[in-house]
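Residue numbers (the working numbering): 34 to 338.
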């Protein structure tokens, strides 16, 4: 396992290098930050001083070399909007996004396992049909639309939940509910399909013949063997929470990395954009490593040689 993780880490280095080039070039296609941070009547001298301060007067190749050299020292440059190191700004916002994901994923996995298992235990029954309809609706409904409707219904009309911010537990209800919707919709169907295959296997028939209770067959014998595809899809959904967080944090005014990214793109704060993307990419890489370890724990037959 240690050798496998090392090999995966080396492979991820090349992906991160490609991402570094992509983010650096794409961020600069948006235009000069001087157009946003300086007044429209700023003199050429003021623009020149602005470019010199942030290194934008150098050729693009020189800027890239400075950027890569800074990465080796964990120096992403200075944020134009905050006047502080970009990495510090991102690391201050990251715990909020991490907390949002840490609350969301356990709910997603618990609801999906229970709903998908019960649907597979009684295929074709009323609960199975309702689960299929609800999961299809959840998986296909855009997050931004659900977020806006949630604000209108629960915050503006009923006035039982706040519209934005993170001041209390109530502030987290709508964002977590919106983020749960799509992953639950996808995972319920994955759990159901995987459980149907497990429940029709020989060892389950043997367990039934030995008089094992239906609940023990579903949640003890079949569920463990149905977990591999569930872990794979759950990993993708966990990584996708970052994309969903960009929308949800923006709609609900959550001070996380997603909202920070949007604000930085609008203000052309290159240093923060680059730091936020690379820190997020590193988090996704760690999620995939955890998933690989989970594969081996669920199925000891898996060997990463």
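Built from N, CA and C at the ideal position, the CB exists for glycine as well.
Burial of residue 302 is indicated by the presence of at least 16 other C-beta atoms within 10 angstroms of its C-beta. Residue 72 sits in coil when the DSSP states are folded into three classes, being neither helix nor strand. Here residue 307 is buried. Its C-beta has 16 or more other C-beta atoms within 10 Å. Counting C-beta atoms within 10 angstroms of its own C-beta, residue 78 has fewer than 16 neighbours from the protein chains shown and is therefore classed as exposed. For residue 204, the closest of 215, 192, 279 by C-alpha to C-alpha distance is 192. In the structure shown, residue 92 adopts coil according to DSSP, grouped into three states. A residue is called buried when at least 16 other Cβ atoms come within 10 angstroms of its Cβ; residue 120 meets this threshold and is buried. The residues 196, in chain order, have a CB closer than 6 Å to that of residue 184 in the same chain once the five nearest residues on each side in sequence are set aside.
If you look at residue 114, you'll find it isn't in any alpha helix (DSSP H); DSSP assigns it neither H nor E. Straight through space, the alpha carbons of residue 99 and residue 221 are spaced by roughly 47 Å. Measuring C-alpha to C-alpha distances from residue 173 to each of 200, 304, 157, 211 identifies 211 as the nearest. According to the DSSP assignment, residue 239 belongs to the alpha helix (DSSP H) that extends over 235-242. Residue 258 and residue 231 have their C-alpha atoms spaced approximately 7 Å apart. Counting along the chain, no alpha helix (DSSP H) covers residue 65, and no H or E run does either.
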